[in-house]
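A quick write-up on the structure given underneath.
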Amino acid sequence: GAAWAPAEVAPAPGSSQALAPRMGHVAVEFQDRVLVIGGYQTAPDQARTVWSPSRRLLSEHSSLFLLSDVWALQPLPCPAAAAGRNAVCANSSQLVSHASFAGRHSHAATVLAGALYLAGGVTLDAAIARDVWRTSDGVKWTMLTDMAPWPARYSHSLVSVAGPERGEARGILILLGGASYTGAGDLFLNDVWTSSDGGAWVQAAQAAWSPRAGHAVAALNSAGATHLFLAGGYDATGVLNDVWGSRGGQTWEVVSGAAPWAARSGHALVSLQGRLLLVGGAASNLLDPDVDEVLRRDVWGSTDGSAWQQLSGGAPFAGRERLGAAVCRGQMALVVGGRGEAGNLGDVWTTPALPAAALPSVSYLDAQGRRTQTPLSSSGTEAFWNRRVTVD
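Each step along the sequence shown adds one to the number in the working numbering, with nothing skipped, and position 274 is 647.
Here it is in structure tokens:
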């Protein structure tokens, strides 16, 4: 997380298209590639204006620019010409230009049991969705429901907890928080819903964290148990910098009431070999030319969600919010696109994993639900959770 380099992305053989700049998309590891799905495309020189989180989503966005495309980024060995620059190289290919689901932004996606699930977001004519879709290849998508029992929402989170520690062979999907719009303003949510198949959903108890949107959630795994962490976001009071944790998503406890990183929303949170990485985001509800450093490019790391270390005060990429981020093959984290000061971005940046000697002794859960067998030390994540959190 301290060192970042731009990925040298080239169209796959037989393709001449490039990934369009976008924001409000998702990036997720799937079948050893990183898929980039949907989002909102605008001209890169779009003027900055003062906006509120709801108005920027629902009144300033034309349906003409909503995307339903799916792209695959495939990391590859760099050619000799690039090898000396410590570059990461990748092929990009468009799997489908218009998937079966409507174009959208501010949706959420995750992988469970070999399938990729997509839920919610803002769609055509500013409609807020409550649908769920599934794919096994990124190309053919099946709608599981167009009227899920949870309220329609955007800027929410969707994560997966792999079995069998919960007693379900397939594992479980968990949908958390977000916002809807009533015409009178944002309706923030702190509900938690679970599903084993994406079609039937069960509501858990309201979470202890405040209703919010634009937060980020990631999972660390240790000793066969998955620990979920929710960080930041925004609510009716402004942007947030708290961190909450849960085993399995049912019961939540505050891990840090005020993390050392600036309060923000629209950031990314991923887990790379036993460590959380928090990247980017917007440190204000208003994108105002007079506000300095609203769009962040700092990077923070933590092995337990409580103690954070600033890995980079200013990464070499442009500050951004509503970016996509994913970990690929457990070896590198990628940042893809987002909303920059001058408009949407289409760049890809990478950071390698820590050297083996520097890794904490914590096993981790990747996007496919696979776990490492790294033994835990008494100072690792499990010790923290035994001290702080009651097991569900």
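All residues carry an ideal CB built from backbone N, CA and C; glycine is no exception.
Relative to the C-alpha of HIS480, which residue among PHE602, ALA589, HIS600 is closest? ALA589
Contact the stretch 434-446 vs the stretch 666-681: 3+ CB pairs below 8 Å: no
Element boundaries [beta strand (DSSP E), containing TYR324]: With the chain running from 374 to 765 in the structure shown, residue 324 is simply not present.
Below 8 Å CB to CB, which residues in the same chain sit around SER388 once its five sequence neighbours on both sides are set aside? SER465, SER466, GLN467
Three-state class that DSSP yields for ASP498 in the structure shown: helix
Look at the Cβ atom of ALA488, then the Cβ atom of GLY494, and state whether they are nearer than 8 Å. Using a Cβ distance threshold of 8 Å, ALA488 and GLY494 do not count as a contacting pair.
Looking at C-alpha atoms only, which residue of VAL672, ARG702, PHE690, GLU714 is the closest neighbour of ALA378? PHE690
Of the residues ASN594, ASP510, SER533, which one's Cα is nearest the Cα of GLN646? ASN594
So ARG695 is in the beta strand (DSSP E); what residue range does that whole segment cover? Taken as a continuous stretch (DSSP letters only), ARG695 belongs to no beta strand (DSSP E), as it is neither H nor E.
Cβ of VAL652 within 8 Å of Cβ of ALA641? Taking 8 Å as the Cβ cut-off, VAL652 and ALA641 qualify as a contacting pair.
Cα-Cα separation between ALA573 and ALA655, rounded to whole angstroms: 34 Å
Nearest by alpha-carbon distance to GLY703: which of VAL409, GLY556, PRO448, LYS513 is it? PRO448
Compare the C-alpha of ALA710 against each of VAL612, MET396, PHE403, ALA631 and name the closest. One detail in the question is off: residue 710 reads as Gly in this sequence, not Ala. The shortest Cα separation from GLY710 among VAL612, MET396, PHE403, ALA631 belongs to MET396.
Which residue from ALA552, VAL575, LEU392 puts its Cα closest to that of ILE545? VAL575
Hey, LEU439 and TYR413 are a contact pair by Cβ (cut 8 Å); roughly how many whole angstroms apart? TYR413 and LEU439 do touch by the CB rule: their CB atoms are close to 6 Å apart, below 8 Å.
Report yes if the C-beta distance between VAL443 and ALA472 is below 8 Å; otherwise report no. yes
Within its chain, find whatever has a CB closer than 6 Å to the CB of ALA385; leave out the 5 residues flanking it on each side and keep chain order. Within the same chain, and ignoring the five residues on either side of ALA385 in sequence, the residues whose Cβ sits closer than 6 Å to its Cβ are ASN464, SER466.
Taking GLY571 and LEU517 to be in contact with their CB atoms under 8 Å, please state how far apart those CB atoms are, rounded to whole angstroms. 4 Å
Could you pull out every residue in the same chain whose Cβ sits closer than 7 Å to the Cβ of THR483, ignoring the five residues on either side in sequence? VAL401, TYR490, LEU531, VAL532, SER533, LEU546
Best match in LEU446, GLN390, VAL721 for proximity to ASP405 [C-alpha to C-alpha]: Of the candidates LEU446, GLN390, VAL721, the one whose C-alpha sits nearest the C-alpha of ASP405 is LEU446.
Which class does LEU392 belong to by DSSP, given the choice of helix, strand or coil? coil
Can you list, in chain order, the residues of its chain whose CB lies under 7 Å from that of THR415, leaving out five sequence neighbours each side? PHE438, GLY716, ASN717
Considering only residues of the same chain and omitting the five flanking positions on each side of ALA380, which have a CB-CB separation below 6 Å? VAL461, ALA463, VAL721, THR723
If you follow the beta strand (DSSP E) that SER441 is part of, which residue opens it and which one closes it? 439-449
How close, in whole Å, do the beta carbons of SER569 and ARG543 come, if the pair is a contact with beta carbons under 8 Å? Contact between SER569 and ARG543 holds, since their C-beta atoms are separated by about 6 Å, short of 8 Å.
Restricting to Cα atoms, I'd like to know which of LEU707, VAL700, GLU694, PRO725 is closest to GLY713. GLU694
How many whole angstroms separate the CB atoms of VAL616 and ALA604, which I take to be in contact at a CB cut-off of 8 Å? Right, the Cβ-Cβ distance comes to about 5 Å (below 8 Å), so this counts as a contact.
Where the beta strand (DSSP E) through PHE403 begins and ends: 399-403
Does SER436 come out as helix, strand or coil in the three-state DSSP assignment? Helix.
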